[in-house]
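Q: Let me give you the structure first, and then I'll get to my questions.
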Amino acid sequence: MRKKRTDLGRFSNPSLLILSSLASGPKHGYAMIQDIEEFSGTNLEVGTLYGALARLEEQGWIESLESTDRRRPYRLTGLGLTALQEQLSTMQQIVTISLHRLAGA
Amino acid sequence: MEETMKATFAHKCALRLLRLYPYAWRERYTDEAAAVLEERPATLLTLLDLVLGILDAYLHTDLFTERKFVMLQRLRNSQITIFCAFVFFAPFWVIYNVAEPLQSSFFVTSATPAHHLLSEIVRAAGFFAVLTSLIGGCAFAVVAARQAFVGKKEAEYSTFCLESL
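From first to last, the protein sequence lines are chains Z and P.
FYI, the numbering for the first sequence is 1 to 105, going by my numbering.
FYI, the numbering for the second sequence is 106 to 270, going by my numbering.
Here it is in C-alpha cells:
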C-alpha cells in the first residue's frame with residue numbers, strides 16, 4: 001500500500017487557501033482564484049492551483065463534482081473539513097501567542 | 106492594442122505549455138485549466154508558474170497515475186452503453202421482424218435458392234444474437250439503470266433515454 005503524502009510542500013499555503021475557499025461551498029477553478037484573491041489578496045496562478053488541487057484530491061480532502069462546460073467544481077470532503085479546522089486552530093494558536101508576546105515586548 | 110497582442114501571445118504560450126504536461130495530467134486537468142486561462146489573461150508570471158507546474162507534474166507522476174481508473178471507468182461505461190443499447194434495440198428488432206413477415210417472404214420467394222438460404226442463416230443468427238443478449242443482457246441493463254438512478258447520475262439518465270429512443 002502506498003504511503004499517503006501528508007507534506008504538501010510548496011503547495012501548503014495554496015492548499016489552505018483553497019480549502020478555505022471551498023468551505024463556503026463548491027467552486028470551479030476560476031471561481032476559487034477570484035474568491036482567494038478577494039479574501040486574502042493572493043493571486044493564485046493556474047499551475048499552482050492545479051498542483052495543489054491534485055494533492056488535495058489525493059489526500060481525499062476535496063472531491064470533484066460533475067463538470068459543466070469544461071468547468072469542474074470541487075467540494076470539501078469531511079476529511080478536508082477536519083484538516084482545515086486543525087490547520088486553522090494551529091494558526092489561531094500561533095496568532096494568539098505571537099500577539100501576546102508582541103504586546104509584552 | 107499592444108497590450109491585447111501581448112495578452113494573446115501569452116495566452117497562446119500558456120495553452121502550448123499545457124500540452125507539455127504529462128499525459129495523465131492533461132487527461133484530468135487540461136480542459137479546466139484552459140477554461141481558467143480563457144477567463145483570466147495570462148501574464149509572464151502565469152507562464153513561469155506553468156513551467157514550474159510541468160516540472161512538478163513530471164516529478165510527482167504518482168499523483169496522477171491513480172486517475173487512470175477514471176479512463177477505465179469511462180471505457181467500461183461506453184461498453185455498458187453499447188451493450189444496453191443493443192438490449193433495448195433487441196425487442197424492437199423482434200417486433201419488427203414478426204410484424205413484417207409478408208414483406209420478408211416476398212423478398213425471399215422472389216430471390217434465388219442461394220439468397221433464400223443466406224436469408225435464413227442471417228435471420229437465425231439475428232434471432233440467436235437477440236435471444237442471447239436478452240437472456241444475459243436484461244439483468245445487466247436493469248442493474249446499470251438502477252445504479253444510474255440510485256446514484257442520481259443525470260448524464261446516465263440521458264444515455265438511457267437516448268437508448269430507449
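Ideal Cβ placement from N, Cα and C applies to all residues, glycine included.
The model shown is predicted, which means the values in this text are computed figures rather than measured ones.
Exposed or buried, residue 4 of chain Z, counting other C-beta atoms within 10 Å across all chains shown (16 or more means buried)?
A: The residue labelled residue 4 of chain Z in the question sits at position 4 within the first sequence. With a pLDDT of 49 at residue 4 of chain Z, under the threshold of 50, the predicted position of this residue should be treated as unreliable, though the coordinate-derived value follows. Exposed, by the Cβ-count rule.
Q: Where does residue 228 of chain P fall in DSSP's three states?
A: Residue mapping note: residue 228 of chain P aligns to position 123 of the second sequence, counting from 1. In this structure, residue 228 of chain P counts as helix in the three-state DSSP scheme.
Q: Which residues in the same chain as residue 159 of chain P place their Cβ atom closer than 8 angstroms to its Cβ, once the five residues preceding and following it in sequence are excluded?
A: Position 54 of the second sequence, counted from the start, is the residue given in the question as residue 159 of chain P. Excluding sequence neighbours, residue 159 of chain P sits near 122, 125 and 126.
Q: For residue 131 of chain P, collect the residues of the same chain with a Cβ closer than 8 angstroms to its Cβ; drop the 5 residues on either side in sequence, then sort them by chain order.
A: Locating residue 131 of chain P in the second sequence gives position 26, counting from the first residue. Result list for residue 131 of chain P: 123 and 124, in chain order.
Q: Near residue 48 of chain Z, what residues of its chain come up, given a Cβ to Cβ distance below 6 angstroms and the 5 sequence neighbours on each side ignored?
A: Indexing the first sequence from 1 puts residue 48 of chain Z at position 48. For residue 48 of chain Z, where only same-chain residues beyond five positions count, the Cβ hits under 6 angstroms are 14.
Q: Considering Cα atoms alone, identify which of Z:23, Z:67 and Z:50 is closest to residue 78 of chain Z.
A: Against the first sequence, residue 78 of chain Z aligns to sequence position 78. The shortest Cα separation from residue 78 of chain Z among Z:23, Z:67 and Z:50 belongs to Z:23.
Q: Compare the C-beta of residue 38 of chain Z with all C-beta atoms of chain P and state if any pair is closer than 8 angstroms.
A: Walking along the first sequence from the start, residue 38 of chain Z turns up at place 38. By this cut-off, residue 38 of chain Z is not an interface position.
Q: Taking three-plus beta-carbon pairs below 8 angstroms as touching, is the stretch 66-77 of chain Z in contact with the stretch 25-33 of chain Z?
A: yes
Q: Select from Z:90, Z:62, Z:36 and Z:40 the residue whose C-alpha is nearest the C-alpha of residue 81 of chain Z.
A: The residue labelled residue 81 of chain Z in the question sits at position 81 within the first sequence. Looking at the Cα atoms, Z:62 is the closest of the given residues.
Q: Compare the C-beta of residue 129 of chain P with all C-beta atoms of chain Z and state if any pair is closer than 8 angstroms.
A: As a working mapping, residue 129 of chain P is identified with position 24 in the second sequence. Output row for residue 129 of chain P: interface = no.
Q: Please report the distance separating the alpha-carbon of residue 119 of chain P from that of residue 87 of chain Z.
A: If you number the second sequence from 1, residue 119 of chain P lands on position 14. If you number the first sequence from 1, residue 87 of chain Z lands on position 87. Their Cα atoms are separated by approximately 33 angstroms.
Q: Whose Cβ in chain P lies nearer than 7 angstroms to the Cβ of residue 63 of chain Z?
A: Taking the first residue of the first sequence as position 1, residue 63 of chain Z is located at position 63. Near residue 63 of chain Z there are no residues of chain P at all, since even the closest Cβ is about 12 angstroms away, more than 7 angstroms.
Q: Within the same chain, show all residues whose beta-carbon is closer than 8 angstroms to that of residue 270 of chain P, passing over the 5 residues directly before and after it, in chain order.
A: Counted from its first residue, the second sequence places residue 270 of chain P at position 165. Reliability of the predicted coordinates at residue 270 of chain P is poor, the pLDDT of 48 falling under 50, and no value is obtained from them.
Q: Can you name the residues of chain Z whose CB is closer than 9 angstroms to the CB of residue 151 of chain P?
A: Along the second sequence, read from residue 1 onward, the residue named residue 151 of chain P stands at position 46. Neighbours of residue 151 of chain P on chain Z, chain order: 45, 46 and 47.
Q: What three-state label does DSSP hand residue 63 of chain Z in the structure shown?
A: By 1-based counting over the first sequence, the position of residue 63 of chain Z is 63. Residue 63 of chain Z: strand per DSSP, three-state reduction.
Q: Taking the CB atoms as reference points, tell me whether residue 142 of chain P and residue 46 of chain Z lie closer together than 8 angstroms.
A: Taking the first residue of the second sequence as 1, we reach residue 142 of chain P at position 37. Taking the first residue of the first sequence as 1, we reach residue 46 of chain Z at position 46. Yes, the Cβ-Cβ distance between residue 142 of chain P and residue 46 of chain Z is below 8 angstroms.
Q: For residue 68 of chain Z, name the three-state secondary structure that DSSP assigns.
A: If you number the first sequence from 1, residue 68 of chain Z lands on position 68. Residue 68 of chain Z: strand per DSSP, three-state reduction.
Q: Answer yes or no: the CB of residue 113 of chain P versus the heavy atoms of the ligand GDP, is any distance below 7 angstroms?
A: Absence of the ligand GDP from the depicted structure is noted, as is the absence of any ligand whatsoever, leaving it without description.
Q: Which same chain residues end up closer than 7 angstroms to residue 222 of chain P when comparing Cβ atoms and leaving out the 5 residues on each side of it in sequence?
A: Along the second sequence, one-based indexing puts residue 222 of chain P at 117. Same-chain partners within the cutoff: there are none.
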